[in-house]
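I have placed the structure first, in the form of structure tokens, so that the comments after it can refer back to it.
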Amino acid sequence: MKAGADAGLVPEILRRYREQPAPATVDVHVCGVAEQATLLRTGEADMALLHLPHDDASGFDTKLLHVDGQIAVLPQGHRLAGRRSIRLDDLSGETLPRWRDVPGTGPVVRDGSQLMQLIALGETIALLPAASEAYLRRDLVAVPVEDAGPISLVLAWPERSRSTALAAFVRTAVATARSARPGSSAPPEPGVPPEATPAAATRRRPRSRA
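Numbering-wise (our numbering), the sequence shown opens with residue 59 and increments by one.
See below:
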């Protein structure tokens with residue numbers, strides 16, 4: 059997962075999962091921008107939190123956990139910092155960051171701390187999921203962007219996984235996300251990996267890392 063990019067769900071997901079009988083050990087890896095899918099594809103992680111449509115989820119099964127709007131993160135004193143909301147047209151001409159190998163005109167960003175520092179210095183602005191506002195520095199301003207598309211937070215894992223530990227974690231994550239948004243009409247459980255025997259699951263991967 060990226061730092062501050064879990065919509066506040068991960069602590070409660072981990073607490074609930076660890077209360078289950080014989081839970082697997084979960085090692086949480088906080089990574090840089092756009093690294094989650096790569097770690098999942100190389101087998102360095104068993105599951106990952108991705109943000110659609112920005113992350114590439116091809117080759118993964120996924121479960122929706124949260125849908126969020128977007129905010130513009132601006133430095134204090136920015137021309138738009140005092141607005142209650144803005145539209146994408148209002149950001150015309152603004153410098154936006156480049157994420158790793160993605161082409162762009164702004165500074166290259168490798169992690170969230172670097173991004174926040176660059177915004178505070180007036181070097182760039184950023185469009186982020188609205189839940190990110192809870193983690194912003196005090197010298198930054200968040201303004202809702204009315205016409206920005208929604209961002210879907212999903213839990214992803216390799217297709218056709220038969221890990222019982224992973225299946226239990228996915229079910230816990232989905233239940234936790236639903237309880238965090240009462241009345242949600244999110245789809246039911248298709249796509250949760252089928253359970254194999256405990257021996258097969260242990261033989262495949264004794265530890266699960268998000």
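Cβ coordinates follow ideal geometry from the N, Cα and C atoms, glycine included.
### Query
Within 10 angstroms of its Cβ, does LEU140 collect 16 or more other Cβ (buried), or is it exposed?
Translated into the one-based positions of the sequence shown, residue 140 becomes position 82. In the sequence as displayed, the identity of residue 140 is Gly instead of Leu. The C-beta of GLY140 has fewer than 16 other C-beta atoms within 10 Å across all chains shown, which makes the residue exposed.
### Query
Between the stretch 207 to 222 and the stretch 102 to 121, do three or more beta carbon pairs fall short of 8 Å?
When Cβ pairs closer than 8 Å are counted between the two stretches, the stretch 207 to 222 is seen to touch the stretch 102 to 121, the count reaching three or more.
### Query
Hey, out of ARG236, VAL232, PRO69 and SER150, whose CA is closest to ILE183's CA?
For this step, residue 183 is matched to residue 125 along the sequence shown. Nearest to ILE183 by C-alpha distance, out of ARG236, VAL232, PRO69 and SER150, is SER150.
### Message
Tell me the rounded alpha-carbon separation between ARG74 and ASP85.
### Response
Position 16 of the sequence shown, counted from the first residue, corresponds to residue 74. Position 27 of the sequence shown, counted from the first residue, corresponds to residue 85. Rounded to the nearest angstrom, the two C-alpha atoms are 15 Å apart.
### Nearest to LEU194 (by Cα), restricted to the options ALA178, ALA82, GLY207 and GLU70
Residue mapping note: residue 194 aligns to position 136 of the sequence shown, counting from 1. Ranking the options by Cα distance to LEU194, first place goes to ALA178.
### Query
Does DSSP put PRO246 in a helix, in a strand, or in coil?
On the sequence shown, residue 246 is found 188 positions in, with the first residue counted as 1. Since pLDDT at PRO246 reaches only 40, below the 50 mark, its modelled position is unreliable, and the value read off the structure follows with that caveat. Reduced to three states, the DSSP call for PRO246 is coil.
### C-alpha gap between ASP148 and ARG168, whole angstroms
Against the sequence shown, residue 148 aligns to sequence position 90. Against the sequence shown, residue 168 aligns to sequence position 110. ASP148 and ARG168 have their alpha carbons spaced roughly 26 Å apart.
### Query
If you follow the beta strand (DSSP E) that LEU122 is part of, which residue opens it and which one closes it?
The count along the sequence shown starts at 1 and reaches residue 122 at position 64. Per DSSP, LEU122 belongs to the beta strand (DSSP E) from 118 to 126.
### Query
Excluding five sequence neighbours on each side, which residues of the same chain lie with their C-beta closer than 6 Å to the C-beta of HIS133?
Position 75 of the sequence shown holds residue 133. Note that residue 133 corresponds to Pro in the displayed sequence, not to His. Answer for PRO133: ILE177, ALA178 and GLY180, listed in chain order.
### Query
According to the Cβ coordinates, are ILE209 and GLN78 closer than 8 Å?
For the purposes of this step, residue 209 is taken as the residue at position 151 of the sequence shown. For the purposes of this step, residue 78 is taken as the residue at position 20 of the sequence shown. Contact flag unset, no.
### Query
Where do the N-terminal and C-terminal ends of the alpha helix (DSSP H) with ILE209 fall, by residue?
Counting from one through the sequence shown, the residue named residue 209 turns up at place 151. Not the alpha helix (DSSP H): ILE209 falls in the beta strand (DSSP E), residues 209 to 216.
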